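Single-structure report; data block below.
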Amino acid sequence: MIISRTPFRIPIGGGGTDLPFYYTKKGGSLISATVDKYMYIIVQKRILYDDFFIRYKKTEMTKTLDEIQHPLVREALRLLNIKEPIEITSVADLPAGSGLGSSSSFLVGVLHALHAYKGEKVSKKTLADEATQIQMEILRTEAGLQDQYAAAFGGIMTMNINKNGKVIVSPLDIADHHLRALEKNLVFLYTGLTRSADEVLASQRKEAETDEEKINGLTQIKEIGEEIKKALEAGNLRRFGEWMNIHWQTKQKLSKKMTNSKIDEWYNIALQNGAIGGKIMGAGGGGFFMFYVDKDKEKFIQEMSKAGLIPLDFHFEFDGSTIVFNNERG
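Residue numbers in the sequence shown follow my numbering, run continuously in steps of one, and reach 346 at the last position.
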């Protein structure tokens, strides 16, 4: 049995500039972080049976690889040339569609566990590259480049993407005491709304392809991301919160599916109760809010809970995807 553990990610700045329609024109720049909420993938041999057994929100039992319905599992097995019967189970700390990159965390975790199953040790870059190949080249989903690299590498990082799609990952240069203060003052709140990132991103891409203003909007997002980076590295956390608010106001203009009346209502309640700034994680339309609150945090959480949101405790994590159990022999 092999168990991989892969973190979920939170986008901090520059989100959307990792999408091909943008970075091939302008290059991308992002800040991302991972938190201690995980996707676990369990892989083991099928000893008494000669089928593929795949368990996620559905259960699949198929005789051939081609019959597997879950596209990420099917293509990961195909990429790593695994043809023998195998059992793959996923267990997640958080629901899919929550805006925390669950699909990429799932795929990176599956790839990591399958490599370990084959007795192979792989680099974090290899995991990210393989996940990107499956999502963007083989399956041609609407994914960008942020999620795979964040899930594989872990930590708080900057990503620079050139026009050819090459990604350079570097740790954010933030002092430990500023990092602890940032963690203390960030609040995660679950909306209870889930959505398909592909749907939101497809809308964003289509609007951008016919509207130069949308491309310019993403350039603004990239510039705001650079300001967020400067604020964090300087330890000016209140300024970081202010830039988050500017970021959210700008991001809403990129797609009609980014927000809705309920999300807008919650956001306004948050500002009225002391949030400096915030955002919906990921592609938008639901999932988790992240707010920066540097005063009366407990009162803020109480008021947002009354409004129907669910608080989530978290810590940053710095391991990325890891193998936490391996008892395979030979």
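Virtual Cβ for every residue (Gly too), placed ideally from N, Cα, C.
No experiment lies behind these values; they were computed from the predicted model shown.
With a CB to CB cut of under 6 Å and the five nearest residues on each side skipped, what residues in its chain are close to residue i?
i, result
"V340", "I19 and R21"
"G346", "With a pLDDT of only 48 at G346, under 50, the local geometry of the prediction cannot be trusted, and the value read off the model is given with reservation. None."
"D109", "K53 and Y54"
"G160", "D34 and L35"
"H128", "S20, L143 and S337"
"N284", "none"
"Q162", "D34, L46 and S48"
"L96", "L130"
"K238", "G30, T33 and S45"
"V185", "Y165, F169, M173 and M175"
"I154", "E91"
Out of the options, point me to the one whose CA is closest to residue i's CA.
i, options, result
"Q85", "Y72, P23 and K137", "Y72"
"M260", "L287, S271 and E281", "L287"
"A250", "L188, Q268, P27 and L202", "L188"
"L234", "N201, Q268, E103 and Y133", "Q268"
"G208", "E333, N201, I296 and F332", "I296"
"A191", "E229, K140 and K245", "K245"
"I102", "E319, K322, L81 and Q236", "L81"
"E229", "E258, L270 and P27", "L270"
"T210", "L253, M274 and K200", "M274"
"Q236", "Y206, G43 and F24", "G43"
"Q265", "R254, N201, G294 and W282", "G294"
"K134", "R25, R254 and E100", "E100"
"N252", "N201, I279, N276 and L205", "N201"
Can you find the residues in the same chain that come closer than 8 Å, C-beta to C-beta, to residue i, ignoring five residues on each side of it along the sequence?
i, result
"G125", "S20, R21, T22, M55, Y56, I57, S106, A167 and S337"
"K315", "N289 and G290"
"A14", "The first residue shown for the chain is 17 and the last is 346, placing residue 14 beyond what the model contains."
"K322", "none"
"K311", "G290"
"K79", "D66, D67 and F68"
"F332", "A49, T50, V51, D52, G171, I172, L195 and E199"
Which two residues bound the contiguous alpha helix (DSSP H) that contains residue i?
i, result
"I231", "E228 to A250"
"N201", "D192 to N201"
"T148", "K140 to T148"
"G125", "S118 to Y133"
"F98", "Phe is not the amino acid found at residue 98; the sequence shown has Ile there. Segment: none, I98 is in no alpha helix (DSSP H) and carries neither H nor E."
"N342", "Run containing N342: none in the alpha helix (DSSP H); it sits in the beta strand (DSSP E), T338 to N342."
"S271", "Taken as a continuous stretch (DSSP letters only), S271 belongs to no alpha helix (DSSP H), as it is neither H nor E."
"L287", "S277 to Q288"
Can you name the residues that DSSP bridges to residue i?
i, result
"E158", "In the DSSP output, where bridge partners are listed per residue, E158 has none listed."
"Q60", "E103"
"A49", "I26 and I172"
"A323", "Note: A323 sits in no beta bridge, so no partner."
"R254", "Paired residues: none, contrary to the question."
"G293", "Y308"
"L205", "F305 and P327"
"G6", "The structure shown does not extend to residue 6, since the chain is modelled only from 17 to 346, so the question has no answer here."
"A108", "M55"
"I317", "For I317, which the question treats as bridged, DSSP gives no partner whatsoever."
"R21", "Y56 and T338"
"F332", "V51"
Kindly list the residues whose CB is nearer than 7 Å to the CB of residue i, restricted to its own chain and excluding five residues on each side of it in sequence; keep chain order.
i, result
"F122", "M55, L88 and S106"
"I70", "E76, I84, H86, V89 and I104"
"A92", "L123, V126, L127, L130 and I150"
"I262", "I240"
"F256", "I244, A247, L248 and Y308"
"P111", "T210"
"K141", "none"
"D335", "G170"
Output the boundary residues of the beta strand (DSSP E) element that contains residue i.
i, result
"P187", "V183 to P187"
"Y308", "F304 to Y308"
"I70", "F68 to R71"
"E76", "T75 to T78"
Counting only beta-carbon atoms, is residue i nearer than 7 Å to chain C?
i, result
"A167", "The displayed structure is made up of one protein chain only, and chain C is not part of it."
Sufficient close CB pairs (3 or more, under 8 Å) joining the region 43-55 to the region 79-95: no
- prompt: At a cut of 8 Å, does the region 146-154 reach the region 189-201 through at least three beta carbon pairs?
  reply: no
field: the region 303-320 in contact with the region 114-132 per 3-pair CB rule at 8 Å
entry: yes
field: Cβ contact (3+ pairs, closer than 8 Å) linking the region 176-187 and the region 35-44
entry: yes
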